[in-house]
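A.B. asks:
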Amino acid sequence: MNFVSVRIITSDVQRLVRFYGEIAGMPVTIYTEDFAELATPACTLAIGSTRTLQLFGGDVARPADNHTAIIEFRVGDVDEEFARLSDVLKDTTVQKPTTMPWGNRSLLFRDPDGNLVNFFTPVTAEAIKKFDKQAVA
């Protein structure tokens, strides 16, 4: 088995496409007005319209109602990313860059739908070793 993607359901695909393209600094592929993907070397973030829910049987997910998951991106330098995105994040920052007890320096913020997003950089020897297998683009 291989974990390949996480899909966000939204009522405004274009808004999330712009946001994730800007914070990731890479293009988001738009397949239809109802579906797009941000493909990274490790995993894909899919963005689906509420209209796609009909393909899964109806009202199986609610947009902008996530209270359990955090979408995480490993970045080269979380402090540089925070500085680069200061205008974009404005009032959506939940936690400025902070070194966590497990060895990652972490920046937590919300996307336009309110989903939590974490940018992190491993900073301790143990955390760096853990993520050595994953390349940062």
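Here the sequence shown is numbered in the UniProt record's numbering, starting from 1 and rising by one per residue.
By construction, the Cβ of each residue, glycine as well, lies at the ideal position given by its N, Cα and C atoms.
Around the Cβ of E81, are there at least 16 other Cβ atoms within 10 angstroms (buried) or fewer (exposed)?
C.D. replies: Classification of E81: buried, given that the 10 Å Cβ count is 16 or more.
A.B. asks: Given this structure, state the Cα-to-Cα distance separating M1 from P97, to the nearest angstrom.
C.D. replies: Going from the Cα of M1 to the Cα of P97 covers about 33 angstroms.
A.B. asks: Less than 7 angstroms between C-beta atoms, sequence neighbours within five positions excluded: which residues of the same chain meet that for P112?
C.D. replies: These residues qualify, in order along the chain: R15, L16, F19.
A.B. asks: Please state whether the Cβ-Cβ distance between V6 and L45 is less than 8 angstroms.
C.D. replies: Cβ atoms of V6 and L45: closer than 8 angstroms.
A.B. asks: Quick one, are the C-beta atoms of R74 and F109 less than 8 angstroms apart?
C.D. replies: No. Outside cutoff.
A.B. asks: For V123, which residues of its own chain have a beta-carbon under 8 angstroms away from its beta-carbon, when the five flanking residues on both sides are left out?
C.D. replies: Excluding sequence neighbours, V123 sits near T99, G103, N104, R105.
A.B. asks: Apart from the five residues on each side of it in sequence, which residues of its chain come closer than 8 angstroms, Cβ to Cβ, to W60?
C.D. replies: Checking the displayed sequence, the identity of residue 60 turns out to be Val instead of Trp. L53.
A.B. asks: Restricting to runs no shorter than 3 residues, where is the beta strand (DSSP E) found entirely within the UniProt domain "VOC" (2-122)?
C.D. replies: Complete beta strand (DSSP E) runs here, min 3: 5-10, 29-32, 35-39, 44-49, 70-74, 93-99, 104-110, 116-122.
A.B. asks: Whole angstroms are fine: how far does the CA of A127 sit from the CA of I30?
C.D. replies: Going by the C-alpha atoms only, they are around 34 angstroms apart.
A.B. asks: Pick from P41, T121, I70: whose alpha carbon is nearest that of V94?
C.D. replies: Of the listed residues, the one whose Cα sits closest to V94 is I70.
A.B. asks: Considering only residues of the same chain and omitting the five flanking positions on each side of A64, which have a CB-CB separation below 6 angstroms?
C.D. replies: Answer for A64: D113, G114, listed in chain order.
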